[in-house]
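In the numbering used here, the protein residues as written are 1 to 251. Where a beta carbon is used, it is the ideal one built from N, C-alpha and C, also for glycine. Keep in mind the model is a prediction, meaning the values are calculated, not measured. First comes the structure, then the notes that go with it.
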Amino acid sequence: RTTDPLIKALDQFERQFGNDETLITVVHNPDGIFNKKTLTFLRKFTDEMWKIPEVIRVDSIINYMDIQADGDEIIVEPFIDPDAELSESYIAKKKERAMSHRVLSGYLVSKDGNSILIAARLKPRVGGYLPDYDNIHNANLELINSYGDLGKMRIMASGSAAINHTFKWTSIKDMTTMVPLLTLMIIGILFWTFKSVPSVVFTMMIIVMSVLGTMGIMGWADVKFNNIVATAPGILLQIGFADAVHILVTF
């Protein structure tokens with residue numbers, strides 16, 4: 001409930017500090033990421049990720065704010081200077097710094113220096129708002145595919161946007177395959193057990209009316225389709241089957 005005090009407190013917290021909804025892209029190069037070609041690509045890809053819908057912040061090794069001390073001065077600058085020439089000496093210096101960095105190594109850069117993580121923060125879920133995971137994930141895939149063949153370099157999508165998108169479409173696929181299969185199995189078991197067409201029809205009427213009624217009421221109440229809702233038909237099939245068999249056996 002959006003009126004719950006705890007939900008309100010969470011909304012206020014996320015307004016002020018952000019949330020953990022992320023869009024993760026991993027770039028892997030078996031030859032290492034610290035070379036001119038890969039870093040040039042990462043510069044462009046990091047900038048392009050800002051254009052994905054509902055992204056409010058993008059973090060990568062390119063724009064990571066590196067803090068160093070030089071005598072009495074504290075120097076704060078992007079890890080990879082956007083205006084710097086990617087010479088061999090500059091890249092070697094940055095590689096050495098990244099591999100020995102207590103935050104970057106194992107976080108934005110893998111310890112072997114072959115993979116890099118680009119993390120995009122999504123718009124906070126405030127006031128019952130939910131990100132459009134399909135739109136976000138598809139926009140990210142479109143960006144990835146726009147680069148075509150990158151040779152040995154591979155780009156992989158992850159994060160909450162990709163996970164929620166995958167769960168949703170996996171659930172839909174299960175509904176179109178598993179539910180019909182379960183229905184056929186129930187019909188076969190009923191007919192084999194009771195050897196009676198009316199018994200099968202009676203059971204299926206209970207199951208079908210339960211599923212249609214439940215899903216219809218949820219649609220009328222404007223309940224959003226999600227991973228939990230997708231399990232409802234399967235659960236109703238099992239409960240309806242068990243209750244119908246119990247009634248048939250008892251009476």
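Determine which residues share a DSSP beta bridge with PRO78 and list them. MET65
Given VAL169 as reference, the closest of PHE194, VAL200, HIS137 once Cα atoms are compared: Correcting the residue type first, residue 169 is Trp in the shown sequence and not Val. With distances taken between Cα atoms, TRP169 lies closest to HIS137.
According to the neighbour-count rule (16 or more other Cβ atoms, all chains shown, within 10 Å of its Cβ), is PRO198 buried or exposed? exposed
Between the CA atoms of SER60 and ALA244 - distance to the nearest angstrom: 57 angstroms
Determine the DSSP secondary structure at HIS101, reduced to helix, strand or coil. coil
MET156 bridges to which residues according to DSSP? VAL26
Boundaries of the alpha helix (DSSP H) in which LEU237 is found, first to last residue: 232-250
With H, G and I counted as helix, E and B as strand and the rest as coil, what does DSSP make of ASP174? helix
Inspect the CB distances between the segment 94-110 and the segment 52-72 and report whether three or more fall short of 8 angstroms. yes
Give the DSSP-derived three-state secondary structure of ASP72 in the structure shown. coil
Could you give the distance in angstroms between the alpha-carbon of THR193 and the alpha-carbon of ILE247? 14 angstroms
At least three beta-carbon pairs within less than 8 angstroms, the segment 145-155 to the segment 25-40: yes
Beta-carbon proximity check, THR183 vs MET205, cutoff 9 angstroms: no
When you compare the segment 65-85 with the segment 159-177, are there three or more beta-carbon pairs, one atom per stretch, that lie closer than 8 angstroms? no
Hey, would you say ALA98 sits closer than 9 angstroms to PHE13, going by beta carbons? no
Excluding the five sequence neighbours on either side, which residues of its own chain have a C-beta within less than 6 angstroms of the C-beta of LEU39, listed in chain order? LEU86
ALA120 in three-state terms, based on DSSP: strand
Which residue marks the beginning of the alpha helix (DSSP H) containing ASP134, and which one marks its end? 133-145
Apart from the five residues on each side of it in sequence, which residues of its chain come closer than 6 angstroms, Cβ to Cβ, to ALA161? LEU23, TYR133, ILE136, HIS137
Sorted by chain position, which residues of the same chain lie with C-beta nearer than 6 angstroms to VAL55's C-beta, five sequence neighbours on each side aside? ALA120
With 16 other CB atoms within 10 Å as the buried threshold, where does ALA242 fall? exposed
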